[in-house]
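Going down the list, the sequences are from chains V and E.
First residue of the first sequence: 19, per our numbering; consecutive thereafter.
First residue of the second sequence: 2, per our numbering; consecutive thereafter.
All residues carry an ideal CB built from backbone N, CA and C; glycine is no exception.
Keep in mind it's a predicted model, so treat the numbers as computed, not measured.
Scroll down for the structure; my scribbles are underneath it.
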Amino acid sequence: MLSLDLFLRLNYLASIMLFLIGLHTMLTHANLIKKVMGMNIMETGIFLFLVSIGYAHGTLSPIIRQSGPEQGLIYTNPLLAAIVLTGIVIAVSTTAYALSIIIKLYEQCGTLDVDRLEKLRS
Amino acid sequence: MRHLPALLLVVAIAYVLALTLTEAPAFGGLDVPARNEVMRFYLDEELDQAGIPNTVTAIIFDYRAYDTMGEATVLFTAVGAAAAVLAGHAGKLVARPMAATDDVILRIVSRMVIPFVQVFGIYVVVYGHLSPGGGFAGGTILGGSMALYLFVFGPKRTARKIPPAWGEIMEGAAAFWYVLVGLGGVLLGANFLANAAAGVPLGVQGQLFSGGAIWLIGLGVGVKVAATIVNLLVHLAGET
Numbered sequence: 019m020l021s022l023d024l025f026l027r028l029n030y031l032a033s034i035m036l037f038l039i040g041l042h043t044m045l046t047h048a049n050l051i052k053k054v055m056g057m058n059i060m061e062t063g064i065f066l067f068l069v070s071i072g073y074a075h076g077t078l079s080p081i082i083r084q085s086g087p088e089q090g091l092i093y094t095n096p097l098l099a100a101i102v103l104t105g106i107v108i109a110v111s112t113t114a115y116a117l118s119i120i121i122k123l124y125e126q127c128g129t130l131d132v133d134r135l136e137k138l139r140s
Numbered sequence: 002m003r004h005l006p007a008l009l010l011v012v013a014i015a016y017v018l019a020l021t022l023t024e025a026p027a028f029g030g031l032d033v034p035a036r037n038e039v040m041r042f043y044l045d046e047e048l049d050q051a052g053i054p055n056t057v058t059a060i061i062f063d064y065r066a067y068d069t070m071g072e073a074t075v076l077f078t079a080v081g082a083a084a085a086v087l088a089g090h091a092g093k094l095v096a097r098p099m100a101a102t103d104d105v106i107l108r109i110v111s112r113m114v115i116p117f118v119q120v121f122g123i124y125v126v127v128y129g130h131l132s133p134g135g136g137f138a139g140g141t142i143l144g145g146s147m148a149l150y151l152f153v154f155g156p157k158r159t160a161r162k163i164p165p166a167w168g169e170i171m172e173g174a175a176a177f178w179y180v181l182v183g184l185g186g187v188l189l190g191a192n193f194l195a196n197a198a199a200g201v202p203l204g205v206q207g208q209l210f211s212g213g214a215i216w217l218i219g220l221g222v223g224v225k226v227a228a229t230i231v232n233l234l235v236h237l238a239g240e241t
């Protein structure tokens with residue numbers, strides 16, 4: 019029963035796993051670049067979740083073939099694709115900015131280890 | 002010792018998410034709550050209102066064009082902030098600047114591949130309203146081809162092929178172009194970024210030059226995203 023349910027929700031399960039892997043990476047690794055990687059994995063999980071909501075079995079991609087409401091063709095949800103596009107743009111922007119700060123930090127401090135950076139401050 | 006608290010937090014979040022998983026609708030069904038009247042409105046009305054087959058492009062470049070302008074501004078701000086942070090990073094402690102590769106196979110193969118990648122990127126930008134694609138996807142492909150050049154041939158040769166000033170001018174001009182297209186709607190007596198509502202001719206459905214302002218906006222976004230990726234990578238790769 020439960021295993022069958024999980025099989026029907028495999029995409030959601032995978033997105034949750036990706037989110038948790040990314041969160042764990044962000045929390046446990048001391049290297050700042052690995053933290054950025056963890057953030058990207060979390061974002062990938064969320065994109066997978068959004069795209070999975072939009073998908074339905076046996077539907078066409080949202081390129082409209084005929085005009086009018088009753089056409090007998092069922093399309094995938096286009097809204098989620100648009101939302102994921104926005105999310106990807108934000109992910110690229112935050113990653114680029116974070117990496118540029120990391121480069122500057124490495125030049126100034128010579129390390130990317132969070133623990134050693136904290137010791138440098140005090 | 003941050004492993005135990007982190008693990009506990011992850012397990013707690015996993016528990017909450019697993020609870021929602023048991024309530025979630027089955028994947029791929031037609032009864033997902035997201036398939037509501039909003040989706041039906043876009044799928045039913047879009048071809049008549051925006052005049053292009055690709056619904057996703059119609060949503061981002063017509064219905065939500067103002068939101069997409071904000072998105073383009075986010076990219077613009079990210080490049081500007083990265084450039085400001087990295088200003089004058091001559092790299093005392095960075096071991097060495099990114100160098101060109103010595104690999105002959107990599108150089109020759111990338112030289113053969115880059116033109117095809119660029120043609121495909123331009124195709125995806127220009128036909129973004131008729132087939133899957135659009136300004137963001139095509140611009141990323143175009144920027145990716147130039148990123149390949151940067152990685153293989155190094156920042157010095159890239160700066161000779163694509164002068165850094167060009168990238169910055171293209172990016173600013175594309176952002177300005179977007180605003181100009183939006184102001185065109187105001188000049189025609191409708192809202193900012195209005196398309197069919199402002200009386201812009203939509204053209205024949207399925208033709209290359211159709212969809213009115215969507216095609217112009219898509220072109221601008223494609224140029225802008227490509228320039229953004231090149232600028233970001235040039236800044237991150239270091240001084241040339």
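Residue i - partner residues in DSSP beta bridges
i, result
"A74(V)", "G29(E)"
"F93(V)", "The residue asked about is misnamed: residue 93(V) is Tyr in this sequence, not Phe. Paired residue(s): L78(V)."
"N55(E)", "I81(V)"
"D131(V)", "N49(V)"
Coil, strand or helix - residue i by DSSP
i, result
"N49(V)", "strand"
"D103(E)", "coil"
"V80(E)", "helix"
"S209(E)", "Residue identity differs from the one stated: residue 209(E) is Leu in this sequence, not Ser. Three-state result, L209(E): coil."
"G200(E)", "coil"
"R27(V)", "coil"
"L66(V)", "helix"
"A35(E)", "coil"
"A114(V)", "helix"
"A88(E)", "coil"
For residue i, the first and last residue of its enclosing alpha helix (DSSP H)
i, result
"D63(E)", "D63(E) -> no alpha helix (DSSP H), and no H or E assigned at all."
"A138(E)", "136–162"
"R41(E)", "38–50"
"N232(E)", "214–238"
"L131(E)", "No alpha helix (DSSP H) holds L131(E); DSSP gives it neither H nor E."
"F193(E)", "Counting along the chain, F193(E) falls outside any alpha helix (DSSP H), and DSSP gives it neither H nor E."
"G204(E)", "Counting along the chain, G204(E) falls outside any alpha helix (DSSP H), and DSSP gives it neither H nor E."
"L9(E)", "4–24"
"L184(E)", "165–188"
Supposed close pair residue i, residue j - CB separation, criterion 8 Å
i, j, result
"G56(V)", "L78(V)", "In fact, because the Cβ distance is near 36 Å, the residues do not count as touching under 8 Å."
"V226(E)", "T141(E)", "6 Å"
Alpha carbon of residue i to alpha carbon of residue j, nearest angstrom
i, j, result
"F62(E)", "H4(E)", "45 Å"
"A195(E)", "V107(V)", "23 Å"
"Q126(V)", "I119(V)", "11 Å"
"G219(E)", "L130(V)", "39 Å"
"L107(E)", "Q119(E)", "18 Å"
"K137(V)", "E172(E)", "40 Å"
"Y16(E)", "V201(E)", "53 Å"
"L94(E)", "G239(E)", "Confidence at L94(E) is low in this model, with a pLDDT of 45, below 50, so the placement of that residue is unreliable and no value is reported for it."
"A109(V)", "V205(E)", "36 Å"
"V222(E)", "L8(E)", "42 Å"
"M19(V)", "L26(V)", "With a pLDDT of 47 at M19(V), under the threshold of 50, the modelled position of this residue cannot be trusted, and the question is left open."
"L237(E)", "M147(E)", "14 Å"
"R65(E)", "R134(V)", "46 Å"
Closer than 7 Å: residue i CB and nearest the ligand COA heavy atom
i, result
"V114(E)", "Absent from the structure shown: the ligand COA. Ligands present: none."
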